[in-house]
Amino acid sequence: MSGASSASSFWAQKSREVKTSVSPRPIVAEPPKPNGAAGHAKPRIVLKGRTRMTNGASGTSTPKKPNWADSDDDDDFITSFSTKKDSRLATLEGEMVTQNARVESLEATVSTKDARIAQLEDMVEEKNHRIGALEGVVDVKDAAIEELKAGSRAQFLYVQELVAEVDEKSRRIEHLETELDNKGARIRELEEGSESETQVSVGMAPDSDTSVGVNVDKVVQIEEATVQEATVQEATVQKATVQEATVQEATPAAGPAINDSKFPKMWSPNMSKKAAPVEKPKVLKMALDMSKFGKKKPAPTLKKREYSVHKNFPAPARGQSTKHRAKTDVIPKFQPDKDIRHMSHAERVLYANGPAIAIMLGTTKLATLPKFVLMQCSAKAYQYFTDHPDATSITYPAGSMDADSAKAHLQWMDEMTYQGRVYSITLNGDEKFDTKNLKICQAARVMGLNNTYVGHFTKVLCDRVRSANPSMSFFALICELAQPANDPIFDCLANNIINQQLSKNSKNAEDLEKLAEKYPLLKEKMAKIGQRVKDSRAGDQRRGTPTIII
1 MSGASSASSF WAQKSREVKT SVSPRPIVAE PPKPNGAAGH AKPRIVLKGR
51 TRMTNGASGT STPKKPNWAD SDDDDDFITS FSTKKDSRLA TLEGEMVTQN
101 ARVESLEATV STKDARIAQL EDMVEEKNHR IGALEGVVDV KDAAIEELKA
151 GSRAQFLYVQ ELVAEVDEKS RRIEHLETEL DNKGARIREL EEGSESETQV
201 SVGMAPDSDT SVGVNVDKVV QIEEATVQEA TVQEATVQKA TVQEATVQEA
251 TPAAGPAIND SKFPKMWSPN MSKKAAPVEK PKVLKMALDM SKFGKKKPAP
301 TLKKREYSVH KNFPAPARGQ STKHRAKTDV IPKFQPDKDI RHMSHAERVL
351 YANGPAIAIM LGTTKLATLP KFVLMQCSAK AYQYFTDHPD ATSITYPAGS
401 MDADSAKAHL QWMDEMTYQG RVYSITLNGD EKFDTKNLKI CQAARVMGLN
451 NTYVGHFTKV LCDRVRSANP SMSFFALICE LAQPANDPIF DCLANNIINQ
501 QLSKNSKNAE DLEKLAEKYP LLKEKMAKIG QRVKDSRAGD QRRGTPTIII
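So for the sequence shown, the numbering used here puts the first residue at 1; every next one is plus one.
Below is the structure:
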């Protein structure tokens, strides 16, 4: 029994070893059949392996296959296991081939992408170089643009000064021509009155073939003098003849008459002077037709001339009053930074369209003005009505400006919508009008008008500030009416005082110091300008630029 049990356990162990051990890959003689037929027929598989003899000798080949199975079921199990394993290996090999092909394809794609990436990197580097070059060009262009802007600004200010001078000269020419026309009319009136009141006698000389034009008054005087002289001479001759006849009658005849013609006669006071009568003088013939004189004509009516400051804006035939202004539904283009005086008449009349708004100074109504023209001329009004499109009025703080000066600006803006010519607000250059001129400038700043509209005021008043003998009262008036946020005249005063302090030869240094102490706004403005000058000089010293003090 023990032998049988030991044999059973031996073969059972061998069976487990066969089932669990990994056998070498068998050589398949023919392709395996599908799994469905594996359970019905045995596969024809030839296994080649090594066997050992019981005596320890090994043979290279054996005609029989070793069969380790205890039964037919074990043999079938081993056969089916080998078949399944071979089909899985074939599937994995096919997948490996496919994966290898896929890997090669991906490697080729990666190589292509690497080449493209390298090409793009070269292009990016080239573009970076190009961008760097363009940035340098842009920097140069920016510097040139800044220089051009500075030059353009200087030219713009110069043009504004020229425009102000042209406006002033045009107004002066208009005034002189009007005065000349008045004087010409007065001269004609005086001439006609003098000719109508003067009575002239005209005589014709019988043998006179020439006509001479003379003054009527002189002719009358000559005629009167000639008549008086002829009367005196005739009276003298008649008196002398009567006296001689009387003497001859009174003298008695004594002896023969002696011919004393050979002897000279001595004149004595008793002898009368005999002379031939004076002929009547010739009367000059005048070349004047006196028939047209004596009729008084009505004085000619002087027509006021219209002038245009700019040649590009001739005065039209109509549109000189508000009755010719016809409103339409056209909304003009608003450009508050553009001077309305540089627009044509057709462009300016469009700003009369739209509703009329009330201009208020506190609770006082200054005027009613077309909304569009105020938006064009005033940046503050443009911003206000843009934010409040339904507003019917605009109110400025009470006491912020002079009412009459504000009305002058409003009337000028209204006239620009229908007048054929363009002009500026009248500037009175006399010093006694300094207060009025400064109040007009203050009203322009408060209302937000473009500074070019009062540019001629700025030029004249700044010239006064920079004059050799300035007036401290004039400086004080500028400080009292200043608008520091936007006041070129106030800025001009502060800069002028700083320049005088830096020059160290000012004659009014003490008065200027007192003025700065009296008005804190001026002192603050001077401090800012002084700091800016110091910073500029420090920068010049760092760059090695010499500082010039004027």
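Ideal Cβ positions, reconstructed from N, Cα and C, are used throughout, including at glycine.
Could you check whether residue j and residue i sit closer than 9 Å to each other, using their CB atoms as the reference points?
i: D460; j: A164; result: The question names Asp, but residue 460 is Val in the sequence shown. Yes, the Cβ-Cβ distance between V460 and A164 is below 9 Å.
i: D339; j: T452; result: yes
i: A358; j: A352; result: no
i: A406; j: L361; result: yes
i: F334; j: Y382; result: yes
i: M472; j: N508; result: yes
i: R542; j: Q483; result: no
i: G420; j: H345; result: yes
i: G455; j: E161; result: yes
Looking at the structure shown, is residue i part of a helix, part of a strand, or coil, going by DSSP?
i: D506; result: Strictly speaking, residue 506 in this sequence is Ser, with Asp absent from that position. Note: S506 maps to coil in three-state DSSP.
i: T395; result: strand
i: L427; result: coil
i: P520; result: helix
i: L369; result: strand
i: T54; result: In this predicted model, T54 has a pLDDT of only 45, less than 50, meaning its place in the structure is not dependable enough to derive any value.
i: K113; result: helix
i: G466; result: One detail in the question is off: residue 466 reads as Arg in this sequence, not Gly. It is coil, neither helix nor strand.
i: E165; result: helix
i: N552; result: Beyond the ends of the chain as shown, which are 1 and 550, falls residue 552; an answer cannot be given.
i: L284; result: coil
i: Q501; result: helix
i: R421; result: coil
i: M204; result: With a pLDDT of only 40 at M204, under 50, the local geometry of the prediction cannot be trusted, and no value is derived from it.
i: H388; result: coil
i: I187; result: helix
i: D402; result: coil
i: M472; result: helix
i: K338; result: coil
i: I331; result: coil
i: V237; result: A caution first: V237 carries a pLDDT of 42, below 50, which makes its placement in the model too unreliable to give a value.
i: A133; result: helix
i: S344; result: coil
i: V533; result: helix
i: M416; result: coil
i: E551; result: With the chain represented from 1 up to 550, any question about residue 551 goes unanswered, as that position is not in the structure.
i: A326; result: coil
Looking only at DSSP bridge pairs, what is residue i linked to?
i: S378; result: L449
i: L477; result: Note: L477 sits in no beta bridge, so no partner.
i: H357; result: The sequence as given places Ile at residue 357; His does not occur at that position. Paired residues: L369.
i: T364; result: L361
If you compare alpha carbons, which of the options is closest to residue i?
i: T363; options: H456, V166, G399 and K113; result: G399
i: L481; options: M401, L410, K507 and D463; result: M401
i: G552; options: E189, H129, F372 and R171; result: Residue 552 lies beyond the residue range present for the chain, which begins at 1 and ends at 550; the question has no answer from this structure.
i: V373; options: Q411, P397, Y396 and R542; result: Q411
i: V349; options: F334, K327 and K127; result: K327
i: A379; options: V283, D390 and N486; result: N486
i: K432; options: P277, L477 and V283; result: L477
i: T392; options: K365, A403 and A150; result: K365
Measure the beta-carbon distance from residue i to residue j and round it to whole angstroms, keeping in mind my assumption that it falls under 8 Å.
i: A356; j: P370; result: 6 Å
i: C492; j: V465; result: 5 Å
i: M526; j: I498; result: 6 Å
i: Q515; j: L521; result: In the sequence on display, residue 515 carries Leu and not Gln. The pair is not a contact, with the Cβ atoms about 11 Å apart (cut-off 8 Å).
i: C377; j: L427; result: That belief does not hold up - the Cβ atoms of C377 and L427 are roughly 18 Å apart, past 8 Å.
i: M447; j: H388; result: Actually they are not in contact, since the Cβ atoms of M447 and H388 sit about 17 Å apart, beyond 8 Å.
i: Y423; j: D167; result: 7 Å
i: D434; j: F474; result: 6 Å
i: Y519; j: C479; result: 4 Å
i: S503; j: L512; result: No, S503 and L512 are not in contact; Cβ-Cβ is about 12 Å, not under 8 Å.
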